[in-house]
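What follows is a short report on a single structure.
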Amino acid sequence: MNYSGTGRRKTSIARVKLVPGSGKLIINGLPGESYLQFSPNYIRISCSPLTLLGLNKEYDIYVKAEGGGLTGQANAIKLGLAKALCTINPENRTTLKSEGFLRRDARIKERKKYGLRKARKAQQYSKR
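Numbering-wise (full-length UniProt numbering), the sequence shown opens with residue 1 and increments by one.
Written as structure tokens, this is what we have:
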């Protein structure tokens, strides 16, 4: 039985598929640890919904992540994984929602405006 969820963060999109198994994480065909550059922080963020529910070794996680950088992708995986866990058991939803795992982080890069150097940085202004 496959369970799936989609997560987004900044410009990253992660399509997560959960399959009953031994607890391995595969991202874009690579082991999760090597894809996330062996960073314990990114690995912890990605698998935090499973850790919260105590299901670490019960499901294999297959992810197709695209766009953005590692931080955005790790957080997108976290959201997609939380959504997939809600489809497995609707009772998981209350636990995940109270911990904030089902909330999409809406912060994205602000566009650059014409006449300015960056989104808000302007040239130095001299009054006199």
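Backbone N, C-alpha and C define an ideal beta-carbon position, used for all residues, glycine too.
These figures come from a predicted structure and were not determined experimentally.
| query | result |
| --- | --- |
| Residues sharing a beta bridge with S12, DSSP | R9 |
| Spatial neighbours of L85 in its chain, beta-carbon cut-off 8 Å, leaving aside the 5 residues before and after | Y3, G5, L18, P49, L50, L53, L55, N92 and L96 |
| Nearest neighbour of residue 153, chosen from L79, R117 and P90 [CA to CA] | This structure leaves residue 153 out entirely; the chain is present only between 1 and 128. |
| Identity of the residue in K121, E58, A106 and D105 nearest K112 by Cα | K121 |
| Backbone secondary structure at Y59 - three-state DSSP | strand |
| Delimiting residues of the beta strand (DSSP E) encompassing Y27 | Per the sequence presented here, residue 27 reads as Ile, with Tyr not at that position. L25 to I27 is the extent of the beta strand (DSSP E) around I27. |
| Three-way DSSP call (helix, strand, coil) for P20 in this model | strand |
| Residues that DSSP places opposite L102 in a beta bridge | In DSSP, L102 forms no bridge with anything. |
| Alpha-carbon spacing of S126 relative to E66, whole angstroms | 45 Å |
| For K57 and V29, the rounded distance between their alpha carbons | One detail in the question is off: residue 29 reads as Gly in this sequence, not Val. Roughly 19 Å separates the two Cα atoms. |
| CB-CB length for A14 against G7, believed under 8 Å | 5 Å |
| Distance between V63 and I88 (C-alpha atoms, nearest Å) | 17 Å |
| Alpha carbon of K118 to alpha carbon of T11, nearest angstrom | 19 Å |
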